[in-house]
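Peer 1:
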Amino acid sequence: MKVTLQPAYVLHQHPYRETSALIEVFTEDYGRVSLIAKGIKRKSSKVIGLLQPFQPLLISWVGRSNLVTLTGVEASGSSIHLVGEPLICGFYLNELLLRLLSHQDSFKTLFSIYARSLLQLACSEQYQPILRLFERDLLIHLGYAPPLEYEIGTHQPIEADQWYSYQIEKGPSKFKPSSSGNGMKLKGQTLLSLAYGKLTDSQSLWETKHLLRWLLSPYLGDKPLRSRTMLIALRQLTHEQTIEQ
Numbered sequence: 001m002k003v004t005l006q007p008a009y010v011l012h013q014h015p016y017r018e019t020s021a022l023i024e025v026f027t028e029d030y031g032r033v034s035l036i037a038k039g040i041k042r043k044s045s046k047v048i049g050l051l052q053p054f055q056p057l058l059i060s061w062v063g064r065s066n067l068v069t070l071t072g073v074e075a076s077g078s079s080i081h082l083v084g085e086p087l088i089c090g091f092y093l094n095e096l097l098l099r100l101l102s103h104q105d106s107f108k109t110l111f112s113i114y115a116r117s118l119l120q121l122a123c124s125e126q127y128q129p130i131l132r133l134f135e136r137d138l139l140i141h142l143g144y145a146p147p148l149e150y151e152i153g154t155h156q157p158i159e160a161d162q163w164y165s166y167q168i169e170k171g172p173s174k175f176k177p178s179s180s181g182n183g184m185k186l187k188g189q190t191l192l193s194l195a196y197g198k199l200t201d202s203q204s205l206w207e208t209k210h211l212l213r214w215l216l217s218p219y220l221g222d223k224p225l226r227s228r229t230m231l232i233a234l235r236q237l238t239h240e241q242t243i244e245q
């Protein structure tokens, strides 16, 4: 199979033999694709600088297996400049895609959401809503659309001022102290804020973070996410530097 000028982003790369690399990319029409980029580490190579995360690309390849051969690459726009926490947030999005997407399954809408999320990280000071909405959309594309607007069983609309118990395999139901161990306790406003993509208050952000982490855990397994470890280390370093000043 020959594919030409496919919109893509690099998710990860690591060395392969002396002059080549194995590169994981997220593409518009083919989802996650594994590539061999031959000879890109030679001094004469002109593409190694392009094959970096957060650079919009047009790539071409040949091959029929889960590991295809890169035949061409060019920039399709300016690199998205991320530094500090936004950079680690970008790595977090990449790590989620690497861990959760199977090879060569099309996720065209998710590709657009990913590209938009990177741009938002580059120009916003509020990172948490961007991450939470990406996690929500990723779950939807994995086949699990979290019930957020109606109670399970009764199908009654969620009320913002009520408390609910959210069960991972079912969804939300009115919170009852006698059954508090059967799910995660959440405010109705949190569920509605996540449903409508309007995460603005601190309680909704905090509860949504823990809800989505819980919902993603069956897909991610027990292996820790490196990007989370990096973010914790960065925040500790920043805190120590602030104290020293």
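In UniProt numbering, the protein residues as written are 1 to 245.
We put the beta carbon where it would ideally sit given N, CA and C, even for glycine.
Does DSSP put residue 112 in a helix, a strand or coil?
Peer 2: Taking the sequence shown and counting its residues from 1, one reaches residue 112 at position 112. Three-state result, residue 112: helix.
Peer 1: For residue 88, which residues of its own chain have a beta-carbon under 7 Å away from its beta-carbon, when the five flanking residues on both sides are left out?
Peer 2: To locate residue 88, count along the sequence shown from 1; it is residue 88. Cβ within range, chain order: 227, 230, 231, 234.
Peer 1: Taking 6 Å as the limit between beta carbons, can you name the residues of its chain near residue 63, skipping five residues before and five after?
Peer 2: Looking up residue 63 in the sequence shown gives position 63. Cβ neighbours of residue 63 beyond the five flanking positions: 69.
Peer 1: Does the Cβ of residue 183 have 16 or more other Cβ atoms within 10 Å, making it buried, or fewer, making it exposed?
Peer 2: What you label residue 183 is simply residue 183 of the sequence shown in a count that begins at 1. Buried, by the Cβ-count rule.
Peer 1: What's the C-alpha gap between residue 112 and residue 90?
Peer 2: In the sequence shown, residue 112 corresponds to position 112, counting from 1. In the sequence shown, residue 90 corresponds to position 90, counting from 1. Going from the Cα of residue 112 to the Cα of residue 90 covers about 15 Å.
Peer 1: Which of helix, strand or coil does DSSP assign to residue 1?
Peer 2: Within the sequence shown, residue 1 is the residue found at index 1, counting from 1. Three-state result, residue 1: coil.
Peer 1: Please report the Cβ distance between residue 132 and residue 199, rounded to the nearest whole angstrom; I am assuming they are in contact, meaning their Cβ atoms lie under 8 Å.
Peer 2: Stepping through the sequence shown from its first residue, residue 132 is reached at position 132. Stepping through the sequence shown from its first residue, residue 199 is reached at position 199. Right, their Cβ atoms sit about 6 Å apart.
Peer 1: Around the C-beta of residue 120, are 16 or more other C-beta atoms found within 10 angstroms, so that it is buried, or is it exposed?
Peer 2: Numbered from its first residue, the sequence shown carries residue 120 at position 120. Flag for residue 120 reads buried.
Peer 1: Can the beta-carbon of residue 197 be found closer than 7 Å to that of residue 164?
Peer 2: Within the sequence shown, numbered from 1, the residue matching residue 197 stands at position 197. Within the sequence shown, numbered from 1, the residue matching residue 164 stands at position 164. Contact flag unset, no.
Peer 1: Quick check on residue 240: does DSSP put it in helix, strand or coil?
Peer 2: Position 240 of the sequence shown holds residue 240. Below a pLDDT of 50, predicted positions are generally treated as unreliable, and residue 240, at 48, falls in that range; the measurement from the model is reported next regardless. Reduced to three states, the DSSP call for residue 240 is helix.
Peer 1: Quick check: the Cα distance between residue 242 and residue 86, rounded to an integer number of angstroms?
Peer 2: Taking the first residue of the sequence shown as position 1, residue 242 is located at position 242. Taking the first residue of the sequence shown as position 1, residue 86 is located at position 86. Below a pLDDT of 50, predicted positions are generally treated as unreliable, and residue 242, at 41, falls in that range; the measurement from the model is reported next regardless. Those two C-alpha atoms are separated by around 19 Å.
Peer 1: Pick from 31, 14, 22: whose alpha carbon is nearest that of residue 8?
Peer 2: Start at 1 with the first residue of the sequence shown, and residue 8 comes out as number 8. It is 31 whose Cα lies nearest to the Cα of residue 8.
Peer 1: Quick one: any contact between the region 203-221 and the region 129-148, if contact means 3 or more CB pairs under 8 Å?
Peer 2: Yes, the region 203-221 touches the region 129-148.
Peer 1: On the DSSP bridge list, what partners appear for residue 61?
Peer 2: Position 61 of the sequence shown holds residue 61. In DSSP, residue 61 forms a bridge with 3, 70.
Peer 1: In three-state DSSP terms, what is residue 231?
Peer 2: Position 231 of the sequence shown, counting from 1, holds the residue named residue 231. Helix at residue 231.
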